[in-house]
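Asker: One structure, pasted below without further comment.
Residue numbers (this note's numbering): 1017 to 1338.
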């Protein structure tokens, strides 16, 4: 969100004239930049099979691959990009989160039961956190959010969060320095279904929000205790809820196979929410996750109903906030 600027009244006519001239000069210089249109559709490499998206410094964005675990880096303004992380053996990439402090990209590893951290400058893999053993445990590490306290991951097949606490100058702890936080209280877990999916955090990091894809229930989560309280939502459905994004007290919930983004207005204490609208677009084809830049949302289209293949097209869709 952008804050408005209040201009003080000029004290004399000559000062006012100077201010007007200066503003005109600034506006004149800014017009060529503002006149550049951001593309509404940004192509990804054919066959990419995307799921997660994160916006980093400036107009840079990152999209992971479900097929290979590779990471694509592109530009929201030019629509151009290239592969930053080449396909790492045995990995896939689901949800993503960018940490502006370290410029690291945090990646949920899906059925591998792991979380990965990549250096966005060189594209190096800098840490692997093996949360669950897929050989013995049903697991799908689905999404991640970065707070001042650490990174929190959801697991759609287990009623837990995985917490990697930050520490030291680079905020990156040892690969064994994580803990499992059981989700208690009002969290409803359905065995064999996709449960906890998208995750967000309030700016202070002391409260998390999680969506359950199958039930469509929205939850407020204490990140330190795992205590869960359901946010009572009226006005619309949140089933098929995937990635979520919090902007003030407005929560955007991507409903993947419904091809829409639900707009949920939350109260100040996060006990009640109301679906006040939906965002649809002709270029949506099973959007899964979103991020924001200015007044726009960027949704990556997984195209789950389309058989994957090396020639299948994939893209990111830009839509405006209501």
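Positions of the beta carbon are idealized from the N, C-alpha and C atoms, including for glycine.
Source: prediction; values computed, not measured.
Give the single residue among 1169, 1158, 1130 whose Cα lies nearest to the Cα of residue 1145.
Answerer: In the chain shown, the residue the question calls residue 1145 occupies position 129. The residue with the shortest Cα to Cα distance from residue 1145 is 1130.
Asker: What does the alpha-carbon distance come out to for the pair residue 1158 and residue 1170?
Answerer: The sequence position of residue 1158 within the chain shown is 142, counting from 1. The sequence position of residue 1170 within the chain shown is 154, counting from 1. Looking at the two C-alpha atoms, the distance is approximately 6 angstroms.
Asker: Can you tell me the Cβ-Cβ gap for residue 1248 and residue 1232, rounded? I've got them flagged as a contact below 8 angstroms.
Answerer: If you number the chain shown from 1, residue 1248 lands on position 232. If you number the chain shown from 1, residue 1232 lands on position 216. In fact, because the Cβ distance is near 12 angstroms, the residues do not count as touching under 8 angstroms.
Asker: Find the nearest neighbour of residue 1126 within the set 1214, 1077, 1220, judged by alpha-carbon distance.
Answerer: The residue given as residue 1126 occupies position 110 in the chain shown. Comparing Cα-Cα distances from residue 1126 to each of 1214, 1077, 1220, the minimum goes to 1214.
Asker: DSSP on residue 1258, reduced to helix/strand/coil?
Answerer: Against the chain shown, residue 1258 aligns to sequence position 242. Strand.
Asker: Using a threshold of 8 angstroms, state whether the C-beta atoms of residue 1109 and residue 1099 are closer than that.
Answerer: Walking along the chain shown from the start, residue 1109 turns up at place 93. Walking along the chain shown from the start, residue 1099 turns up at place 83. The answer is no: Cβ separation not under 8 angstroms.
Asker: I need the straight-line Cα distance from residue 1101 to residue 1229, nearest angstrom please.
Answerer: Numbered from 1 along the chain shown, position 85 holds the residue referred to as residue 1101. Numbered from 1 along the chain shown, position 213 holds the residue referred to as residue 1229. Using only the alpha carbons, I get a separation of about 29 angstroms.
Asker: Is it buried or exposed for residue 1115, if we count other Cβ within 10 angstroms and need 16 for buried?
Answerer: The count along the chain shown starts at 1 and reaches residue 1115 at position 99. Buried is the call here.
Asker: On the CB-based measure, 16 or more other CB atoms within 10 Å of its CB, does residue 1196 come out buried or exposed?
Answerer: Working through the chain shown from its first residue, we reach residue 1196 at position 180. Flag for residue 1196 reads exposed.
Asker: Could you have a look at residue 1276 and say whether DSSP puts it in helix, strand or coil?
Answerer: Mapped onto the chain shown, residue 1276 falls at position 260. Strand.
Asker: Secondary structure at residue 1304, three-state DSSP: helix, strand or coil?
Answerer: To locate residue 1304, count along the chain shown from 1; it is residue 288. In the structure shown, residue 1304 sits in a strand (DSSP, three-state: E or B).
Asker: How many angstroms separate the CA atom of residue 1093 from the CA atom of residue 1054?
Answerer: As a position in the chain shown, residue 1093 is number 77, starting the count at 1. As a position in the chain shown, residue 1054 is number 38, starting the count at 1. In a straight line, the C-alpha of residue 1093 is about 5 angstroms away from that of residue 1054.
Asker: According to DSSP, is residue 967 helix, strand or coil?
Answerer: What is shown of the chain runs 1017 to 1338, which leaves residue 967 out entirely.
Asker: So what's residue 1141 in DSSP terms, helix, strand or just coil?
Answerer: As a working mapping, residue 1141 is identified with position 125 in the chain shown. Strand at residue 1141.
Asker: Are at least three pairs of beta-carbons, each pair with one atom in the stretch 1313 to 1326 and one in the stretch 1262 to 1274, less than 8 angstroms apart?
Answerer: yes
Asker: So, under 8 angstroms CB-CB, residue 1113 and residue 1079 are touching, yes? Tell me the CB distance rounded to an integer number of Å.
Answerer: In the chain shown, residue 1113 corresponds to position 97, counting from 1. In the chain shown, residue 1079 corresponds to position 63, counting from 1. The Cβ separation is near 13 angstroms, so there is no contact.
Asker: What did DSSP end up calling residue 1059 once you bin it into helix, strand or coil?
Answerer: The residue you call residue 1059 lines up with position 43 of the chain shown. In this structure, residue 1059 counts as strand in the three-state DSSP scheme.
Asker: Please report the distance separating the alpha-carbon of residue 1290 from that of residue 1304.
Answerer: What you label residue 1290 is simply residue 274 of the chain shown in a count that begins at 1. What you label residue 1304 is simply residue 288 of the chain shown in a count that begins at 1. Spanning the two alpha carbons is a distance of roughly 21 angstroms.
Asker: In chain order, what residues of the same chain lie with their CB nearer than 6 angstroms to the CB of residue 1237, ignoring the 5 residues before and after it?
Answerer: Mapped onto the chain shown, residue 1237 falls at position 221. Excluding residues within five positions, the ones whose Cβ falls inside 6 angstroms are 1224, 1226, 1244.
Asker: Which class does residue 1085 belong to by DSSP, given the choice of helix, strand or coil?
Answerer: By one-based count along the chain shown, residue 1085 stands at place 69. In this structure, residue 1085 counts as coil in the three-state DSSP scheme.
Asker: Who are the near neighbours of residue 1050 in its chain, counting only those whose CB is closer than 6 angstroms to its CB and skipping five residues on each side?
Answerer: Here residue 1050 corresponds to residue number 34 of the chain shown, with the count starting at 1. Its pLDDT being 42, under 50, residue 1050 is placed unreliably in this model, and the value from its coordinates should be taken loosely. Excluding positions up to five away in sequence, the list is empty.
Asker: Can you list, in chain order, the residues of its chain with a C-beta nearer than 7 angstroms to that of residue 1117? Leave out the 5 residues immediately preceding and following it.
Answerer: Along the chain shown, read from residue 1 onward, the residue named residue 1117 stands at position 101. Within the same chain, residue 1117 has close Cβ partners 1187.
Asker: If we ignore side chains and look at the alpha-carbon of each, how far apart do residue 1322 and residue 1132 end up?
Answerer: Numbered from 1 along the chain shown, position 306 holds the residue referred to as residue 1322. Numbered from 1 along the chain shown, position 116 holds the residue referred to as residue 1132. The straight-line gap from Cα to Cα measures roughly 28 angstroms.
Asker: Using the C-alpha atoms, what's the distance from residue 1308 back to residue 1091?
Answerer: The count along the chain shown starts at 1 and reaches residue 1091 at position 75. The count along the chain shown starts at 1 and reaches residue 1308 at position 292. The alpha-carbon atoms of residue 1091 and residue 1308 are separated by roughly 13 angstroms.
Asker: Can you tell me which of the three DSSP states residue 1105 falls into?
Answerer: As a position in the chain shown, residue 1105 is number 89, starting the count at 1. Note: residue 1105 maps to coil in three-state DSSP.
Asker: Name the two residues that bound the continuous beta strand (DSSP E) containing residue 1165.
Answerer: In the chain shown, the residue the question calls residue 1165 occupies position 149. First-last for residue 1165: undefined, no H or E at that position.
Asker: In angstroms with no decimal places, state the Cα-to-Cα distance between residue 1128 and residue 1287.
Answerer: Residue 1128 sits at position 112 when you count from the first residue of the chain shown. Residue 1287 sits at position 271 when you count from the first residue of the chain shown. Those two C-alpha atoms are separated by around 34 angstroms.
Asker: Ordered along the chain, which non-local residues of its own chain (more than five positions away) have a Cβ less than 6 angstroms from that of residue 1332?
Answerer: One-based indexing of the chain shown puts residue 1332 at position 316. 1058, 1314, 1316, listed in sequence order.
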